[in-house]
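4 protein chains.
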Amino acid sequence: MIIIMDPRATGEEIEAIQQEITNIGFIPFINPGVERKVIAVLGEFDVSKADLSDHFQAMPGVARVELISDLWKLASRAYHPENSIVQIGNVKIGGNEIIVAAGPCSIESEEQMLGLAHEAKASGAKMLRGGAFKPRSSPYAFQGMGEEGLKILAKAGKETGLPVVTEIMDAHELDVVCKYADVLQIGARNMQNYSLLKKVGTTRHPVVLKRGPGSKIKDLLMSAEYIMAGGNQSVILCERGITTFEDATRNTTDINAVPVLKNWTHLPVILDPSHATGNWHYVGSIAKAGIAAGADGLLIETHSDPAHAMSDGPQSLKPKKFSELMGQLARIAEAVDRSINL
Amino acid sequence: MIIIMDPRATGEEIEAIQQEITNIGFIPFINPGVERKVIAVLGEFDVSKADLSDHFQAMPGVARVELISDLWKLASRAYHPENSIVQIGNVKIGGNEIIVAAGPCSIESEEQMLGLAHEAKASGAKMLRGGAFKPRSSPYAFQGMGEEGLKILAKAGKETGLPVVTEIMDAHELDVVCKYADVLQIGARNMQNYSLLKKVGTTRHPVVLKRGPGSKIKDLLMSAEYIMAGGNQSVILCERGITTFEDATRNTTDINAVPVLKNWTHLPVILDPSHATGNWHYVGSIAKAGIAAGADGLLIETHSDPAHAMSDGPQSLKPKKFSELMGQLARIAEAVDRSINL
Amino acid sequence: MIIIMDPRATGEEIEAIQQEITNIGFIPFINPGVERKVIAVLGEFDVSKADLSDHFQAMPGVARVELISDLWKLASRAYHPENSIVQIGNVKIGGNEIIVAAGPCSIESEEQMLGLAHEAKASGAKMLRGGAFKPRSSPYAFQGMGEEGLKILAKAGKETGLPVVTEIMDAHELDVVCKYADVLQIGARNMQNYSLLKKVGTTRHPVVLKRGPGSKIKDLLMSAEYIMAGGNQSVILCERGITTFEDATRNTTDINAVPVLKNWTHLPVILDPSHATGNWHYVGSIAKAGIAAGADGLLIETHSDPAHAMSDGPQSLKPKKFSELMGQLARIAEAVDRSINL
Amino acid sequence: MIIIMDPRATGEEIEAIQQEITNIGFIPFINPGVERKVIAVLGEFDVSKADLSDHFQAMPGVARVELISDLWKLASRAYHPENSIVQIGNVKIGGNEIIVAAGPCSIESEEQMLGLAHEAKASGAKMLRGGAFKPRSSPYAFQGMGEEGLKILAKAGKETGLPVVTEIMDAHELDVVCKYADVLQIGARNMQNYSLLKKVGTTRHPVVLKRGPGSKIKDLLMSAEYIMAGGNQSVILCERGITTFEDATRNTTDINAVPVLKNWTHLPVILDPSHATGNWHYVGSIAKAGIAAGADGLLIETHSDPAHAMSDGPQSLKPKKFSELMGQLARIAEAVDRSINL
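Chains as they are written, first to last, in this note's numbering: chain A, 429 to 770; chain B, 429 to 770; chain C, 429 to 770; chain D, 429 to 770.
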C-alpha cells in the first residue's frame, strides 16, 4: 500500500500517518525529495487487511491511497498459477475443449425445452441452459415457471445426457435449484447480492457467475472470491456485456475482459454473446470473437420461434442458425489450437 | 408502440407484422411514403404488455421497436399527478420541508451510534441512518453487526425520537429488520434483486430505494414499480451516483436525475452525496447542489473518527462539519422556498 | 419522424404541431386512442432535414421526437448495398483479403522506420503506419518529427513497396501530408473536428477515420458523411476502443461495433487492437477477435524496443511477436473464409 | 513514480528496472517483503518527464506504473495556490461575483442577436454568447453565419457594453475570431485538438475551454496546460456534461467536477447547464445546482423562439424564463456568500 499525501499536508499529519502504520504492525517508508510525500507501507499485507485502504484514506492530509496487492486471493493466478478446470459430470470447462451451452432464455413448456435440448445436443452443445426463475425488469412481465420449469429442465438434461445450468435468484431457492440443476447461475443483476453469493459458496455445485453490467473486472473477481471463500472453488466467470454510452447494441461486449481475466485468474472464462449484443444478427460474430480471444466456452440462447419467446426473443438463435454457427465456431476453435467436438 | 422496419424488409414480412398486430387485438397503421416502412400499433397499451416490444423485435424484417408508453404505471406522474408524501412517524418526505438523515455507514457500538444520533439530532437531522447488514465488496471485510446492530439503532431512534433507516440485504432478514427499523433501505447493489423487491412490497414499511450505479433512471422506476405493484406505495427514490469513466470521484453524481425524476414520478427523491462522491471534501458541495436542484432530502454519512470507521470513513463527515453544513443547507433550502428546520 | 407528446399536452399544443407539420410540407397523422398523443410526420424526409427533430422538440407539449431515418446517407448500406472496396495502390481494403497495417506509433528515425518497415513486410503486413504529427495529451511530451518524419515514412513506403498511412492533425498540414502519405488518418481526438473533415473531403486520398473514444457508432458515421459529402468516398472506418468505466485496459474494445458497422454501412471496417487495449499482452487476442468478428483489416503498432519508444511503447509488439501473430491471424482469416497473404 | 512488478517478474527484470532508473538520473528504492516487488523512483520528477511512465510500463516484468505527480503544472493549485481571476474588460471571473453569460446557440440575424443581447443584459447577464462557426454533427445542418455572424456579435457587445464569447473551430480562423470576440471558446469536440490549443495559447485572449464529453477531469486540465504552456494564462474551464449510459438527458452533468476542479486547479470553473441537460425544463435546476456546488459562472443558451432556432432550440430558455431564473440564481448565490448583480 502506498499513501500519497496532499502537497499541503503538514508535518504533524505525516507524522501521524507514520505512527499509525507502526501501530498496526507495518513499517512506514517515506519517499523523500519530491513535491509531495509518499509513504510506503511495508510488511505482509493480506486480504483481511482490505479495510486498511479506507482507514488511511480517511486520515487528514492524505490525497489518495494506492493498493498494490489485489484484494482477491483464492481467485488469483498468483495463488493458483495453473488453469482451473471445472468438472460438471463428464464435461470439463477450462481445458482445451471449448464448451458451448445452449437453450432458451425461459423454459416455457416441456415440448419447447425437450425440442431445443435435442437440437442443441445434435448441433454439438455440451450443456443446456434454461431459466425457471426470471429476473425481469418489469413486475408485469413473465416471471418464469418456477419449480415446474426446473423439473422440465432436469428431464431435458436426463434425456440428452447433458448437464443443465439455471439461474438462482434467491437464497431460499437454493435447495430446490440444487435438486434439479447441475450448475447454478448467478445472474448479472445479482453479481453483488452477497447473501446469495455466500449461500452458493456453501454448496459444491459449480457456479456460473455473470458479470454485472456496471461492474469492473475487479468486482467480478471479488464476487468470485465470496463464493470461493465459502468453500466452493468451482466458479466459472461469464462476460455478458457492460453498460456504456453506446446504444447500438443492448450491451457492449467487453471482449478485452477475456484475455484480462485469463491473465488475472485461473478460473474458466466464458462469454454470453446473446446478452452481450441483444440481437441475434450479431450473436454469431461475437461468439466467434469470443473464442478467438481465448474464451473457454459460450452461453447461447436458442428458440424455435423467437417472436413468441416468453423472453429475450430478439437475441435468440433458431436451432438451424445455431447449428450452422457451431460449424463455424469449430473452425475458429481449431485455428486457436482448441476444439469444439460437434 | 412503433415498429420500424428494415429498409430491406419484404412485403411478406410487413404483411406478417400487420397480421400479428391484428391477432393480438391492436390496429396496425402503416406510415407510407418513406424509404422504410413504419408501422404504428394503435389501441390501448398497458403495462401488462411489456413483452410485446420483444415480441415484434424478434420478427423478421424488423429494424427496431420504439415504445411510446412508459413501462411503469403506479410510479408515474401521469397516474398520480400530485407529489406523494411519505409519512414516517411524524416526519414527512416529499413536502416543503427537506429531510436530512444522518449517521454512520456501519453501526459499530452502542456508544458510537448513540453519540452520533444525539449529535445528528442537535444539528437538525430528522432521521437516523446506520447499517447492520453491510454489502461489502470483499468477503474478508467487516460485514456488519447484524441484529445486535439493529437493536442499537432502534435504541438510538428511541432516545432521540428520530425514525431510523437501515439496509435490508436478504428477504429472510425481513422480519428482523422490520422489527427494529422505521424505514427499509434497498442498497444500490440490490436495486434489481427482484426477490427482495417483491418481499419488501408486501410490507407497509416505507422504503428508500437506492439507484444502482449502472442503472438508468428508467430502471430505477421499474424497480420502484415492483415494490408498488406488491401493494407498498411508500417508496423514496435515492440518487447515489452512477458508474462512469470519470475516476476523480468514487461515483459520478447524476444531478440531472433529480429534476428528471421530479418530472417523471410523484415519488419523493433524495440524494446521498456521501456515496455519490466518496470523499468528504466534496460532500458539502454536492449536498448543496442536491437541494438547489430540487431534492426532497439527503442521506449523509457521519462519523466521529472517520479514520477508524469500520467502513466508508473517507466519505464520512465529522459531527462538527455536519453541523456547519446543516446551517449552509438551511440557507440553500430557503433560497428555493423550502425549509430545513434546524 | 414521430413526435411523442407529453401526456399533459393541451389541445392547442397538439394543434400547433399539426399546423407546423403542414406548413413545412409534410402530412401529420395522429395515432389516436392512447394515453398520450403520437404524431407521425409523413412525407419524403431527407438528410437536409436534420434540424427538424430539434425544431419539433423545442415546441411546447412535446415529450420527445424519434427519428426514423438515419441522418447519414452516402455512408449507409441502404444507399449503397454492396461492400465498398477502397483501393490504395494495389492494396484493396473491404474485399476478401484482410489487410494488416503495421509500424511504430511515432516515426523516430530513418533507421527505426526502415527497419520496422522491412520487418512488417516480411511478416505479411500490406501497409505501413507511422506518426509524424502526434496528438499527445501532455504539451511537454514528444510531439512528432513533423515533415522530416513524413519523408522517412515515404522512403520506407518506397523501399518496401507498401502504401503508408499517417495522421493529419490540422487542416493546414493537408498539402504536406498528402505529398508523402498514401492514406490520411483522422485520429480519434479529431473525429469531430469538422473543419478538418471538410478539408480532407476535398482530397481524393483514402482516409482512415478513427472512432472517438466517447463517440457513438452513429457519430462515427456522421463524421464519415462529412468527408463523403465533400466528394471523397474512400473512407475506412476504424474501431479503436471506447471510454467506459472499466479501467483494466486503456480503452474498451467495442467489438460489437464491427458487425454493427458491417450491417449499417458499406464502408470497410478495421480494428486497432493496440489502442483498444493499450497493452501488448492483449493485442494478439483482440486482433484475432477482430478478424473473427468480421473486420476487414487491422492497424497494429510495432516497435523494436518498446521501452524506448517515444510513444505508446506499452502497447507495441516487437517484430518477432508481430510475425508470430500474423501466422495466427492467417489461420483465423481462413476459418472465416477470408485470407491474409503472408 | 511507483513501478509495480508482476508477481512473476524475474530477478533480471527487477535488476534491469533498477539499472534503468539509475541511468536516467533517479534513485531506485525497492519496497521489500511483499508478494510482489514495488520499486519507487526517487528524485525530482517534473512534467517534462511525462513519457517516463510509458517507458517503464513497456519494460518486461512490469505490471503497472503509478504516477504520483500530476502531469499538469501551470494549471495546478499546488503551483498557484490562490484562485486565478480572469479579467475580461471590466468583468472578472473567479472572484466573489458569479458571472452569467447568455445568448443564442447560433447567431441567426442582427435582429435576433441584438434583441437577445439587450434582454440578457436587462436580466443581469454580464457576458454574451453566440456561435458563428458551428460544429454540427450533420454536414447537412446549418453551419453558422461565419464572419457575418461575428460582426453582429461584436455589435451586440458594443451596444450592451458586455464582452462577447464565441467558438473558434479552426486555427486558421484565429485572426478573424480575435478581431471580433473578447473571449475565445474551445468547444467540447475540440478539447483535444492540440493544434488549435497551441494556436490559442499564443494569443492573450481569455479562453473558455469546454470539457470533452468523453474526457476525464485530468484530460481537461492537460488541455488547459497546452494553452498555458503557450503563454496564455487566462483559461476558464467549463463543465458541460459527459457521455454516460444514462439517456434521459442529452449529457450527464458531472456536478462533482465543480468541487474537484476547484480543489485541483486555481482556474475559474463555469457550468453550461444548457448542454449538460439538453432540455430547457432542466436548465434551471442544474444552473442552481452549479452555483450551489461552487461554480464561478454559467453559460446559458437563450432564444426568443426556440422552435425556430437554427440549433439547440430544445435546450434554450426564452428571455422571460431566463429573467426569472436569474432572480432565483441570485438567491442561491447569496446563500453561498457570493453574488449575482442583477
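In this text, a Cβ means the ideal position worked out from N, Cα and C, and glycines have one as well.
### Message
Please state the DSSP three-state secondary structure of Pro-701(C).
### Response
helix
### Query
Where does Arg-766(A) fall in DSSP's three states?
coil
### Task
To the nearest angstrom, report how far apart Ile-664(D) and Ser-497(A) are at their CA atoms.
39 angstroms
### Query
Shortest alpha-carbon distance to Glu-729(C) belongs to which of Ile-768(C), Trp-692(C), Met-738(C)?
Closest by alpha carbon: Met-738(C).
### Query
In the structure shown, what three-state DSSP assignment does Leu-665(C) receive?
strand
### Message
Within a Cβ cutoff of 7 angstroms, which residues of the same chain sit near Asn-524(D), ignoring the five residues on either side of it in sequence?
### Response
Its chain contains Arg-766, Ser-767 as the residues whose beta carbon lies nearer than 7 angstroms to that of Asn-524(D), once the 5 sequence neighbours on both sides are disregarded; these appear in chain order.
#### Entry: When Arg-668(D), Tyr-608(D), Lys-607(D) are compared against Val-636(D), the one with the closest alpha-carbon
Arg-668(D)
### Task
On a CA-only basis, which of Ala-735(A), Asp-482(A), Glu-587(A) is nearest Pro-488(B)? Give me that one, please.
Selected option, being the one with the closest Cα: Ala-735(A).
### Message
Does any residue of chain A have a CB that is nearer than 7 angstroms to the CB of Pro-734(C)?
### Response
no
### Query
Hey, how far is the Cα of Glu-441(B) from the Cα of Tyr-568(D)?
33 angstroms
### Task
Would you please verify whether the beta carbon of Gly-741(A) is less than 7 angstroms from any beta carbon of chain G?
Absence of chain G from the displayed structure is noted, the protein chains being A, B, C and D.
### Query
Do Gln-743(A) and Asn-707(A) come within 7 angstroms of each other at the CB atom, strictly closer than that value?
Yes. Within cutoff.
### Query
Which residues in chain C sit within 7 angstroms of Arg-668(A), going by Cβ to Cβ distance?
The premise fails here: Arg-668(A) is roughly 12 angstroms from chain C at the closest Cβ pair, so nothing lies under 7 angstroms.
### Message
For a quick check, are the C-beta atoms of Glu-653(C) and Ala-478(C) less than 7 angstroms apart?
### Response
no
### Message
Once the 5 residues before and after Ile-409(D) are set aside, which same chain residues still bring their CB inside 8 angstroms of it?
### Response
Given that chain D is displayed from residue 429 to residue 770, the structure contains no residue 409(D) and the question cannot be resolved.
### Spatial neighbours of Asp-700(B) in its chain, beta-carbon cut-off 6 angstroms, leaving aside the 5 residues before and after
Sequence-distant partners of Asp-700(B) (beyond 5 residues in either direction) whose C-beta falls short of 6 angstroms from its own C-beta, in its chain, are Cys-666, Arg-668, Leu-727.
### Message
7 angstroms is my cut-off, CB to CB: does Thr-438(B) come that close to chain D?
### Response
no
### Task
With DSSP as the reference, please indicate the residues paired to Arg-678(A) in a beta bridge.
DSSP output for Arg-678(A) lists no bridge partner at all.
### Message
What does the alpha-carbon distance come out to for the pair Met-555(C) and Ser-565(B)?
### Response
47 angstroms
### Task
Would you list the one or two residues that DSSP bridges to Glu-653(C)?
DSSP, once it has assigned bridges, lists no residue as partnering Glu-653(C).
#### Entry: For Asn-679(D) and Ala-704(D), the rounded distance between their alpha carbons
5 angstroms
#### Entry: C-beta atoms of Ala-761(B) and Ile-526(B) nearer than 7 angstroms
yes
### Cβ pair Ala-584(C), Leu-542(C) closer than 7 angstroms
yes
### Query
Per DSSP, Phe-457(B) is paired with what?
Ala-468(B)
### Query
Under the three-state reduction of DSSP, which class applies to Arg-632(B): helix, strand or coil?
coil
### Message
Less than 6 angstroms between C-beta atoms, sequence neighbours within five positions excluded: which residues of the same chain meet that for Pro-634(C)?
### Response
Around Pro-634(C): Val-514, Ile-516, Val-611, Ser-662.
### Query
Alpha carbon to alpha carbon, what distance is there between Asp-598(B) and Gly-574(B)?
12 angstroms
### Query
Can you find a C-beta in chain A that's less than 7 angstroms from the C-beta of Gln-661(B)?
no
### Query
So what does DSSP say about Met-555(A), is it helix, strand or coil?
strand
### Message
With a threshold of 6 angstroms on Cβ separation, who are the neighbours of Ala-758(A) within its own chain once the five nearest residues in sequence on each side are excluded?
### Response
Closer than 6 angstroms at Cβ, skipping near neighbours: Ile-768, Leu-770.
### Task
Determine which residues share a DSSP beta bridge with Lys-638(B) and list them.
Answer is Cys-666(B), bridged to Lys-638(B).
### Query
With respect to the beta strand (DSSP E) encompassing Gln-571(A), which residues constitute its N-terminal and C-terminal limits?
Counting along the chain, Gln-571(A) falls outside any beta strand (DSSP E), and DSSP gives it neither H nor E.
### Message
Let me check one thing: in DSSP terms, what residues is Val-519(A) bridge-paired to?
### Response
Ile-516(A)
### Query
What whole-angstrom Cβ distance do Leu-499(D) and Met-650(D) have, given they're in contact under 8 angstroms?
6 angstroms
### Where Arg-492(D) sits in the DSSP three-state scheme
strand
### Message
Among Ala-715(D), Ser-702(D), Ala-723(D), whose alpha-carbon lies nearest the alpha-carbon of Lys-690(D)?
### Response
Ala-723(D)
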